[in-house]
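*Asks:* Protein chains in written order, with the numbering used here: chain A, 17 to 272; chain B, 54 to 400.
Have a look at this one before I ask anything.
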Amino acid sequence: MTWSLFPYFAIASVLLWAFGAVSAWRNKSRGAFGFTAGGLLLFFIFILALWITIQHPPLRTLGETRLWYSALLPAVGLIVYARWHYRWILSFSTVLAAVFVCVNLFKPEIHTQTLMPALQSPWFAPHVIVYMFAYAMMSAATLMAVYQLVSRQREHGLSISIDDTVRAGLTFLTFGMLFGALWAKEAWGHYWSWDPKETWAAITWLGYLIYLHYRQMPTHRALYAHLFLLVCFCLLQMCWWGINYLPAATGSVHTY
Amino acid sequence: MKEGFVIGAAIIGAGVLVQLGTGAVEWEAFAWPVNALVFGVFLLAIAVVFLVRRNNYFIHFLTTHRAAVPALVYAALLTIVMGLTPQRDGGFWTENMLSFWPFVLIFVYICFLLGLLTLRRISHLVYFKHRHPNGGRRPWLRDIGFILNHGGLFLTLVAATLGAPDMQRVRMTVHTGTEEWRGVDEQQRVVSLPFGVELKRFILEQYADGSPSRFASELSFTKHNKQRLSATVDVNHPISLQGWKIYQYGYDTSAGAASQVSVLELVRDPWLRYVYFGIFMLLGGALLMFFDRSYSVRGVSEEEIRRERQKQRQKREKERIKRRKAEEFLGEGNHQEDEHEHYRAET
Ligand code: HEM
């Protein structure tokens with residue numbers, strides 16, 4: 017198997033994922049599971065065949081990393097869908113997966129493009145994917161909180177949905193952070209070195225922990241909790257791209 | 054919650070005083086066996102406080118959100134200061150946050166709370182009937198989740214912090230043809246190792262543009278007992294030998310693929326296994342938080358309720374149609390074709 021066959025597999029998989037996403041919107045969960053799983057199967061067959069052909073795990077080039085992004089996004093999306101039945105989650109994962117597929121389709125030169133040896137790790141793609149989902153969940157929670165704040169009525173059911181979403185997002189944040197730590201140990205010799213990106217990841221994580229614990233207090237006020245959720249989202253932005261503009265972070269191994 | 058903020062402020066104040074009095078935290082003083090002793094005393098203190106907790110308002114307070122939330126807020130604020138201030142070894146106060154007493158004491162306080170909470174939940178799991186108000190079908194699972202999250206964070210933080218002074222990082226330059234038994238640590242001190250290393254072959258693979266796609270070293274090791282073994286060390290693929298993890302670090306870039314030397318980094322971290330245990334507890338706790346339905350106050354999400362309602366509606370609709378069909382069949386058995394038309398119009 018070579019990259020020349022990629023377009024056939026990729027287009028078929030993306031189509032199946034899109035059918036899955038549409039089924040999820042229409043609350044047809046059997047279709048959502050079936051189509052998405054079918055697309056995944058097809059995509060993993062391509063990865064496996066490529067792996068066998070090149071005789072090493074496809075982890076060495078930018079194109080190969082994008083391959084894992086495209087495969088893992090719908091996979092994790094399906095897990096989230098199975099647990100929480102968010103109608104939008106498969107659309108999110110499908111669109112992002114399609115973006116990475118398109119990059120691979122239209123920029124074939126990246127199939128061979130340099131990836132520095134430290135990034136050639138099985139941890140790379142899972143670490144990034146899990147953080148993408150964390151950002152998606154936290155964005156969804158923030159949107160709901162904004163809705164609550166703007167409409168000036170705090171609907172109890174929606175508040176609980178926000179908590180559920182933050183808890184799911186915190187699961188992904190924890191995984192992203194700890195996958196990063198396990199990877200850092202293999203690549204740099206230590207699991208945590210208080211690099212600015214790591215420091216801000218810890219701050220963001222603490223922020224959402226505060227939100228969840230505050231919400232469990234019988235005396236808490238939903239208004240403050242939702243305002244605080246906006247603060248957390250700002251911390252998340254800081255961690256994501258804000259630190260690139262921070263003088264304290266100029267030496268970070270994570271700034272690009 | 055006010056009390057919680059007062060306690061946190063007092064801890065920070067005390068930290069400032071200690072910092073003024075003795076200067077920054079000297080982590081090197083905690084090297085083995087002091088760290089093990091401190092660990093033991095800390096655990097003992099938590100256990101004693103746990104055992105005398107009955108009828109003690111203050112100890113009870115420490116296990117509530119009213120203590121936890123302010124503690125976390127202070128920790129977050131100090132970490133934000135750290136994130137905004139460039140850090141350097143030996144920096145002044147917040148420029149070297151990891152050795153800044155208020156920062157350290159707040160995290161010690163959080164670990165103390167975590168230890169206490171974990172013990173209480175373990176005893177709950179062991180001794181009590183599980184009747185959590187929102188425990189769901191498997192309330193003990195909720196206890197396990199709690200213990201994994203809070204106990205895991207406790208273990209990770211404590212082991213990582215106390216273990217740090219025992220961690221050794223040594224650079225070693227190995228050559229072809231000679232065996233090297235020594236390396237240089239971060240303070241430029243010479244460290245002798247329990248094995249000798251010789252470079253058999255340096256491997257450099259390049260991309261078309263000349264940048265390295267892989268560099269690795271084929272090494273041969275000799276232990277004190279003369280036993281030999283060989284292994285290849287790749288970037289991202291360290292090997293483990295006698296408590297050391299051995300990493301590919303660098304090579305003679307001017308010689309490239311012909312490099313006759315390779316720079317290795319050797320790391321020894323005797324507390325790593327405890328930190329990893331904590332990390333895996335946290336991962337397990339996170340998974341339970343994701344999958345255990347009892348965490349959601351309803352146990353189900355908004356979407357699920359909507360789907361469930363829709364399913365019910367569809368079911369009712371189907372039944373209605375079936376009933377209508379049956380009625381029509383019975384009533385007007387001789388008008389089968391009409392009935393068929395009617396059914397089609399209905400759908
Ligand atoms: C790994 C990070 C953490 C996670 C995921 C987490 C999550 C949770 C969850 C889900 C609960 C409700 C549990 C239940 O009722 O079964 C809880 C309770 C609680 N947490 Fe945390 N927490 C974390 C860290 C902390 C920290 C750092 C503190 C502060 C010291 C803390 C203090 C508390 C307290 C006081 C409770 C209430 C205890 C009780 O009701 O028995 N947690 N936490």
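Ideal Cβ positions, reconstructed from N, Cα and C, are used throughout, including at glycine.
Measure the Cβ-Cβ separation of A/P90 and A/G54 and say whether it is below 8 Å.
*Replies:* In this structure, A/G54 does not lie closer than 8 Å to A/P90 by Cβ.
*Asks:* Please classify A/P234 as buried or exposed, where buried requires at least 16 neighbouring CB atoms within 10 angstroms.
*Replies:* Exposed.
*Asks:* Check whether the Cβ of A/T81 lies closer than 8 Å to any Cβ atom in chain B.
*Replies:* Not an interface residue.
*Asks:* DSSP state of B/M225, grouped into three classes?
*Replies:* Here B/M225 sits in strand by DSSP.
*Asks:* Measure the alpha-carbon distance for A/Y261 versus B/L115 and round it to whole angstroms.
*Replies:* Near 39 Å, if we compare the C-alpha coordinates of B/L115 and A/Y261.
*Asks:* Hey, is B/K276's beta-carbon within less than 8 Å of any beta-carbon in chain A?
*Replies:* B/K276 does not count as touching chain A.
*Asks:* To which residues of the same chain is B/A128 closer than 7 Å at the C-beta, ignoring the five residues directly before and after it?
*Replies:* These residues qualify, in order along the chain: I159, F160, I163.
*Asks:* Short of 6 Å in beta carbon distance, which residues of its chain neighbour B/R235, apart from the five on each side in sequence? Order them along the chain.
*Replies:* Cβ within range, chain order: V243, S245.
*Asks:* With respect to the alpha helix (DSSP H) encompassing A/T220, which residues constitute its N-terminal and C-terminal limits?
*Replies:* 212-231 is the extent of the alpha helix (DSSP H) around A/T220.
*Asks:* Sorry if obvious, but does the Cβ on B/H113 come closer than 7 Å to a heavy atom of ligand 1?
*Replies:* No; taking the cut-off as 7 Å, the Cβ of B/H113 has no heavy atom of ligand 1 nearer than that.
*Asks:* Between which residues of its own chain and B/G68 is the CB-CB distance below 6 Å, once the five residues before and five after are set aside?
*Replies:* Excluding sequence neighbours, B/G68 sits near W154, P155, L158.
*Asks:* Listing by chain order, which chain A residues have their CB less than 7 Å from the CB of B/Q363?
*Replies:* In chain order: N43.
*Asks:* Using a 10 Å radius around the Cβ and a threshold of 16 neighbouring Cβ atoms, would you call B/P323 buried or exposed?
*Replies:* By the neighbour-count rule (16 or more Cβ atoms within 10 Å), B/P323 is not buried but exposed.
*Asks:* Applying a beta-carbon distance threshold of less than 8 Å, which residues of chain A neighbour B/H118?
*Replies:* Those within 8 Å of B/H118 in chain A are H229, Y230, Q232, M233.
*Asks:* Following a CB-centred definition, is B/G168 positioned closer than 7 Å to any heavy atom of ligand 1?
*Replies:* For ligand 1, not one heavy atom lies less than 7 Å from the Cβ of B/G168.
*Asks:* In angstroms with no decimal places, state the Cα-to-Cα distance between B/F343 and B/G263.
*Replies:* So the alpha carbons of these two residues sit roughly 46 Å apart.
*Asks:* Using a C-beta cutoff of 8 Å, does A/W216 count as contacting chain B?
*Replies:* Cβ-Cβ to chain B under 8 Å: yes for A/W216.
*Asks:* Helix or strand or just coil, what does DSSP make of B/L272?
*Replies:* Strand.
*Asks:* Do B/M419 and B/T117 have their C-beta atoms closer together than 8 Å?
*Replies:* The requested residue 419 of chain B is not part of the displayed model; chain B covers only 54 to 400.
*Asks:* Confirm the yes/no value for this check: CB of B/Y348, any heavy atom of ligand 1, distance under 7 Å.
*Replies:* Checking every heavy atom of ligand 1 against the Cβ of B/Y348, one is found closer than 7 Å.
*Asks:* If you draw a straight line from the C-alpha of A/K213 to the C-alpha of B/E318, how long is it?
*Replies:* Distance between the alpha carbons of A/K213 and B/E318 is about 23 Å.
*Asks:* Does any C-beta atom of chain B lie closer than 8 Å to the C-beta of A/E202?
*Replies:* At least one chain B Cβ lies under 8 Å of A/E202.
*Asks:* Which residues mark the beginning and the end of the beta strand (DSSP E) in which B/E233 is found?
*Replies:* Its beta strand (DSSP E) spans residues 233-238.
*Asks:* So B/L317 is in the beta strand (DSSP E); what residue range does that whole segment cover?
*Replies:* Looking at the DSSP string, the run of the beta strand (DSSP E) that includes B/L317 is 314-321.
*Asks:* In whole angstroms, what is the alpha-carbon distance linking B/E232 and B/N278?
*Replies:* The alpha-carbon atoms of B/E232 and B/N278 are separated by roughly 15 Å.
*Asks:* Under 7 Å Cβ-Cβ, which residues of chain A neighbour B/N88?
*Replies:* Per Cβ cutoff of 7 Å: no residues; B/N88 is ~17 Å from chain A at best.
*Asks:* Please report whether the beta-carbon of A/S109 lies at a distance below 8 Å from any beta-carbon of chain B.
*Replies:* So no, A/S109 is outside the interface.
*Asks:* Name the chain A residues whose beta carbon is nearer than 8 Å to that of B/E318?
*Replies:* Per Cβ cutoff of 8 Å: G205.
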